[in-house]
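For reference, the structure is listed below as structure tokens.
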Amino acid sequence: MKMKIKTIEDLSLNAWPSHQIQIYDGWILRYSCFYTHRTNCVEQIGPSTINLTDKINYCEEIYEKWGTPAIFKINPLMDSSFDYKLMERGYHVAHTTEVMTMSLETYEPVRPPHPVFLSREISPDWLDALFQMNGTVNPVHKKIVPSMYHAIPGDTIFATVYDGTKVIGTGLGILDRDYVGIYAIHVSPDYRRQKLGESICRAILRSAREQGACYAYLQVVKGNTPARTLYESLGFRYFYTYWFRQQF
């Protein structure tokens with residue numbers, strides 16, 4: 002189980018590059034102007050040799066220079082004492098995420114209920130619609146996020162649903178090794194409850210399987226019952242939980 006968790010943690014780190022990174026004694030400090038917790042946190046990727054308190058102090062100084070709170074990602078591979086130490090320093094749980102996985106070897110590639118356009122390249126329309134649907138208005142984010150998507154090292158499957166020329170749904174599949182990660186599933190509020198999210202996911206899974214993927218994973222915010230219900234209907238099952246400890 003630990004090996005599989007480590008694999009998915011590595012895949013998700015590859016899948017969503019940060020605007021800026023710094024490697025520090027087995028830790029990676031990620032910074033993207035506080036666009037998301039995942040791209041603005043400290044992740045442990047190797048063994049440490051420096052005193053733990055000194056390392057945390059250093060990270061806090063770096064994030065203070067970057068103008069954002071220090072955030073640490075906590076996953077099941079880490080010793081629980083580290084989470085407790087952060088709690089003692091006043092860090093609070095800011096965001097909890099559930100990771101779900103499924104095998105594509107027995108997945109039945111059902112045709113999506115609605116037409117979904119697939120592309121290997123990101124389009125300006127896809128990105129503009131994503132910003133609109135996820136509420137991104139910060140001009141700095143609109144400037145740096147496109148470069149983050151273009152920096153994804155794996156093969157990509159950009160999924161788009163249209164109503165005429167209007168983008169009403171987005172999705173992203175990222176192929177890495179024999180996995181596909183499902184990201185950026187968004188549907189315009191006026192078009193929800195029409196199985197567009199299901200269509201997007203099925204289109205990505207179908208394409209990924211055709212390209213040789215054997216497994217799929219995704220991440221869903223804890224408590225997002227509609228999203229988890231959708232993913233379970235597709236065959237995804239809960240695997241593990243991670244969360245973020247935020248300084249203030």
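Going by the numbering used here, the sequence shown opens with residue 2, and the numbers climb by one from there. The beta-carbon is built from N, C-alpha and C at its ideal position, and this holds for glycine as well.
Measure from the alpha carbon of residue i to the alpha carbon of each residue in the options, then state which is nearest.
i	options	result
Q21	W28, L12 and C34	C34
L105	I63, A209 and I57	A209
A152	Y180, V141, E122 and A160	E122
S200	S82, P116, V43 and D26	P116
I174	E10, W17, M4 and D11	One point to set straight first is that residue 174 is Gly, not Ile, in the sequence displayed. Measuring from the Cα of G174, the nearest candidate turns out to be W17.
T107	D126, F237 and G224	F237
I51	D26, E61 and V43	D26
W244	L30, Q23, E44 and M4	E44
D177	I158, V162, S189 and K167	I158
D191	A217, I183 and Y163	Y163
S239	Q248, Q247, P227 and L219	Note that residue 239 is Tyr in the sequence shown, not Ser. The shortest Cα separation from Y239 among Q248, Q247, P227 and L219 belongs to L219.
P113	L131, H93 and A160	A160
L235	G155, L30, I205 and C42	I205
L128	L30, N139 and V146	V146
L78	I6, A214, I183 and G155	I6
I183	G155, T166, S189 and G165	G155
Decide if residue i is buried, meaning its Cβ has at least 16 other Cβ atoms within 10 Å, or exposed.
i	result
T171	buried
M101	buried
N76	buried
L12	buried
Q212	exposed
E109	exposed
M103	buried
L53	exposed
I186	buried
Starting from residue i, trace the alpha helix (DSSP H) in both directions and tell me its first and last residue.
i	result
Y232	T226 to L235
T333	Residue 333 lies beyond the range of the chain shown here (2 to 249); nothing can be said about it.
I153	Unbroken run through I153: none, as it is neither H nor E.
M4	K3 to A16
Please report the residue range of the beta strand (DSSP E) in which residue i lies.
i	result
Q247	R238 to Q247
### Query
Which residue spans inside the region 161-218 form an unbroken beta strand (DSSP E) run of at least 3?
167-177 and 180-188
### Task
Give, in chain order, every unbroken run of the beta strand (DSSP E) that is at least 3 residues long and sits entirely within the region 52-139.
72-75, 93-104 and 118-120
#### Entry: 3 or more residues per run - each beta strand (DSSP E) lying fully within the region 18-46
21-25, 28-32 and 43-45
### Task
Flag this pair as touching only if the region 228-244 and the region 182-200 have three or more C-beta atom pairs under 8 Å; answer yes or no.
yes
### Query
Counting Cβ pairs closer than 8 Å, one from the region 64-76 and one from the region 33-49, do we hit at least three?
yes
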